[in-house]
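In this text, residue positions in the sequence shown follow the working numbering: the first is 117, and each later residue adds one. By construction, the Cβ of each residue, glycine as well, lies at the ideal position given by its N, Cα and C atoms. Quick caveat: nothing in here was measured; it's all calculated off a predicted structure. The structure appears below as structure tokens.
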Amino acid sequence: MARKKNSKAQGKWLWLKVTGLVMVIVAAVGILVAAAVVQVVEAGLPEVPSFQEYRERVPKISRVFASNGSVIAEFFVERRTVLDPKDCPENVKKAILAAEDAKFYQHAGLSYLGIARAMLVNMWRGKISQGGSTITQQVVKQVLLSSERTYERKFRELLLARLLEKKLTKDEILSIYLSHIYMGHGQYGFVEASNFYFAKPVSSLNLAEAALLAGIVAGPEGYSPIRRQEKAAQRQHYVLGQLAATGLASEQEVEEARNTPVKIYGGSPPTLGVAPYFTDAVRREVLRLYGSGSLLNDGLTVYTTLDLEVSDAVQKAVDQGIVDLYTSKRTRDGDEIAAKQKAGDRTKVDDDEEPEIPPPPQTVLAKPVACLADGKIEVKVSGRKAFLNRASLRRLALARGEDLDSFCPKQDLWVSLSSETVQEDGSKVLTVNAEIGPQVAAVVLNAKDKSVLALVGGEDFTSRPFNRAVMSKRPIGSTVKPFLYAAALENGVNASDTFVNDRICFRGAKGRSWCPRNYSGGYDGRTYGIGEALAKSTNVIAVKVLGQIGAGRLVDLLSTLGIPGAPKDLSLALGSVEASPLALTNAMSIFGARGKFDTPHMIDTVIDSSGRVLLRHEPRPSQPISRKTAASLRTFLRQVVTEGSAKELADLPYDIWGKTGTSNKAREAWFVGGEKEIVASFLVGYDDRMSMKGATGGNTAVPFFKLFMEYFKGLK
């Protein structure tokens, strides 16, 4: 009997041992399988980036700054600035931890209690609706994984969270979170959200503001402090309550935050977009240097030479000047009529004139039809329906003292084609620009260091983004004469030499005689010194001097000064060479800089998102003319103002010097001049180079310079 019981006990014990062994084997196999699964899944996981790699990969906003540090332009795919771990403010850190993950610094990336709770809820609902996410897991979801909700993706998330915690510090993970999270209204991360909502750097946020931003994270649209003020305030108070409950802030700090009023700004910097032609020129240069990908994604910081006060004065001068042109009947209507009175005047090219440049699309008359409720202006062009670009009416609205947004033209207008778009139904929609009068381009730079202080490329950037100040090369007329006389003084002519203003003729290449004429048309037979000849812009004497030194001398000097391609013949004395306003202004600046020349620049420094300097402007000055020659020419150019073609400026209480210029058939009117270290140019002319009847540099361009000086010096 005892043997039987013993046998049963042994059998039971054997069964338990076998069962235990099987369970151990099954468990071991399970662990091995699980480990194998983890290994397989981990092999297919995306690489966890370092903080620096994240900084380099994520789209960031590039900003352009004026010389005083004001933001003037932004370029981006996503409006984001990466917050460096060392720069994370305590108020922001406390607020986001209270709102999202109070035990962030205690756990290893996973909240097992939160995961268990989420699993129970998901099992109950039969689908994945909760994640139990820590800040680490949220970083994984936002940066490394898609937003799909599957058990496989959740498993990958847990594995990546562990890897992230191993590779990055807690501060780095938190900084990525604070940089990557969407904060509503197109803002990504706390740095941009702080700028947008409060118009202040993230480092300056108080606890109340930080709590408001932390509250937005849960639902950027639902808790927008701009559109949902009450909801945003409720969420802010919840975060403040969590700060006290978790011990991240004292009761006193929380109470003070509750009683601190929060002012919502919700807009762009006031200086953003103030100098569109200047910033467009900077944008093109950055694109040339680094490419569009870098400009739109790499978070570049571009410091420029733009002087906001100078730029404001130039813009006011252009605005007032184009109104003055309109009220003085310098309009396309008037100039079209004058042009038609001379048959073929706009198409004929004389042998002794500069060649025509290709004109832009032809201008035609348009009849206003209706000003629509959505702000569009419908017109009829050659029997076709079109829409008029409202911004192109700016000159008319300014002249009539009306608001551009509500301005509705009544009379027929000259227009040019702006764009033609094809709709989904295949129909074409024309957009046209009003052509009211001639365009204006202006450049102001510092003569000493050649920094561009201001630049205006036309009447309105929105309707006409073509930058005439940089991209348009036009005949420079008599503004070439200072360079001619500088070349003469450098090559044997004395400042005291005199020349007779009488008729002189030259045999042309085709056997035709060419007899240069003065603007007045006659020859007085008087003897002129260089100063008076320049002041009166006497063509005959200019041609004589060029003939004496040889055209090649002037061609070489112009090329050295950044104006290449001048014709090597005597017509060069009358300005047959072409230059952009920027190039001509910079060349003329040698007379205000004791003969020193350098390349003009708009960019001082470019810095990448990690603080590395990519570009720093380095001066490379040269001395193409002597200080003595530069001083002589500046004296002569002062005579242009006191007794010559720019006498309108003589009543200003400043030592202004400069030169006017008028091209053949008055297609271009120029003035380039300076005062102290400032040198500025104004070019007036139609884009299609239509003649401006009766226009000269003195009566058309000089008034713009005068307006600029009055605004800049505070006289207006």
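Is it right to say D521 is buried, meaning 16 or more other beta carbons lie within 10 angstroms of its own, or is it exposed? exposed
Between the Cα of P175 and those of N413, I380, S249, spot the shortest distance and give me the residue it belongs to. Ranked by Cα distance from P175, the options N413, I380, S249 are led by N413.
With 16 other Cβ atoms within 10 Å as the buried cut-off, status of E694: buried
Can you look up E222 in the DSSP assignment and give me helix, strand or coil? Glu is not the amino acid found at residue 222; the sequence shown has Gln there. Q222 falls in the coil class under three-state DSSP.
Short of 7 Å in beta carbon distance, which residues of its chain neighbour A152, apart from the five on each side in sequence? Order them along the chain. For A152, the predicted structure reports a pLDDT of 47, less than 50, and the residue's modelled location is therefore unreliable. A value from the coordinates is still provided. Nothing listed; no residue qualifies.
Put A638 into one of helix, strand or coil per three-state DSSP. The question names Ala, but residue 638 in the sequence shown is Gly. In this structure, G638 counts as coil in the three-state DSSP scheme.
Can you grab the Cα-Cα spacing for the pair R623 / K483, in whole Å? 51 Å
Kindly indicate the opening and closing residues of the beta strand (DSSP E) around G790. 785-791
Contact the region 816-830 vs the region 430-449: 3+ CB pairs below 8 Å: yes
Reduced DSSP category for R195 - H, G, I as helix; E, B as strand; rest coil: Three-state result, R195: strand.
Assuming contact is defined by CB atoms lying nearer than 7 Å, are G491 and F820 in contact in what I supplied? no
Please look up how many angstroms separate the CB atoms of F167 and I177, rounded, as I've assumed it's under 8 Å. The Cβ separation is near 19 Å, so there is no contact.
Between the alpha carbons of D396 and F181, how many angstroms are there, rounded? 13 Å
Which of the three DSSP states is assigned to V795 in this structure? Secondary structure at V795: strand, using DSSP grouped into helix, strand and coil.
Between Y313, D576, Q539, P341, which has its C-alpha nearest Y381's C-alpha? Y313
If I follow the unbroken beta strand (DSSP E) through N562, where does it start and stop? 555-562
Enumerate, from N- to C-terminal direction, the unbroken alpha helix (DSSP H) stretches of 4 or more residues contained entirely within the region 280-317. 286-296, 305-314
Spatial distance of C204 from E372 (CA atoms): 22 Å
Can you give me the Cβ contacts of Q739 inside the same chain, cut-off strictly under 8 Å, excluding the 5 residues immediately before and after it? G711, K712, F713
Would DSSP call L644 helix, strand or coil? Note that residue 644 is Tyr in the sequence shown, not Leu. It is a strand residue.
Roughly how many angstroms separate the alpha carbons of D467 and N815, rounded to a whole number? Unreliable placement is indicated for D467, whose pLDDT of 29 sits below 50; the coordinate value is still reported in the next sentence. So the two alpha carbons sit approximately 28 Å from each other.
Using the rule of at least 16 other Cβ atoms within 10 Å of the residue's Cβ for burial, across every protein chain shown, is M299 buried or exposed? buried
Quick check: what's the CA-CA separation for A429 versus V439? Linking A429 to V439 through their CA atoms gives a straight-line distance of about 16 Å.
Does the beta-carbon distance from K660 to F599 come in below 7 Å? no
Could you give the first and the last residue of the continuous alpha helix (DSSP H) run that contains G357? 345-361 is the extent of the alpha helix (DSSP H) around G357.
Supposed close pair E369, L323 - CB separation, criterion 8 Å: 6 Å
Are the beta-carbon atoms belonging to Y406 and D720 less than 7 Å from one another? no
Can you tell me whether DSSP reads A150 as helix, strand or coil? The predicted model places A150 with a pLDDT of 47, which falls under 50 and marks its position as unreliable; any figure quoted below should be read in that light. Helix.
Where in the region 361-400 do unbroken runs of the beta strand (DSSP E), each at least 3 residues long, occur, reported from the N-terminal end onward? none
As assigned by DSSP and simplified to three states, the class of Y827: helix
How about L411 and V398: do their beta carbons lie closer than 7 Å? Going by beta carbons, L411 and V398 fall outside the 7 Å limit.
Considering N207, what are the terminal residues of the alpha helix (DSSP H) in which it resides? 206-216
Would you call the region 719-734 in contact with the region 607-614, where contact means no fewer than 3 C-beta pairs closer than 8 Å? no
Can you give the Cα-Cα distance for R633 and R619, rounded to whole angstroms? Straight-line measurement puts the Cα of R619 at about 8 Å from the Cα of R633.
C-beta atoms of L868 and A557 nearer than 7 Å: With the chain covering 117 to 832 only, the question about residue 868 has no answer from this structure.
Within the chosen definition, does the region 671-683 reach the region 640-656 through at least 3 CB pairs nearer than 8 Å? no
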